[in-house]
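Some notes on the structure that comes next.
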Amino acid sequence: MRLLKIYRQSKRTVIVIGTTLLSLLLSSCSSEPVQCACSPVPPAYLTYLDKTHFKGQSYGDVAQYAVILKRERDICLNRIDRIREWQTEHAQH
């Protein structure tokens, strides 16, 4: 008799705790998800830059290749400057 009474009380306690936990878990799903806006990728990241390979055989070819490399370096520096401008522009918002 005494064991039956203890069993019923513990069963009731488990049901109450289980129902409470279930309602808490289900209520967390009712809130709307928070949307965050991501800034777009700067266009300088998406452009492709050709790399010129050296195909010369004389010192004159080396000088011409140095001019080509300088031009490619200037293009890269220009893109880096545009990325920096984009970063400062989007950091203010």
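Take 1 as the starting number for the sequence shown in full-length UniProt numbering and just add one per residue.
Here a beta-carbon is modelled for each residue, glycine too, at the ideal position from N, C-alpha and C.
Owing to the predicted nature of the structure, the values given are computational and were not obtained by experimental measurement.
{"Query": "Using 8 Å as the threshold, is the region 18-27 in touch with the region 41-61, meaning 3 or more CB pairs across them?", "Result": "no"}
{"Query": "Identify the continuous alpha helix (DSSP H) that holds residue 85 and give its terminal residues.", "Result": "59-91"}
{"Query": "So, are the CB atoms of residue 42 and residue 82 less than 8 Å apart?", "Result": "yes"}
{"Query": "Near residue 69, what residues of its chain come up, given a Cβ to Cβ distance below 8 Å and the 5 sequence neighbours on each side ignored?", "Result": "52"}
{"Query": "Compute the Euclidean distance between the alpha carbons of residue 50 and residue 64, then round it to the nearest angstrom.", "Result": "17 Å"}
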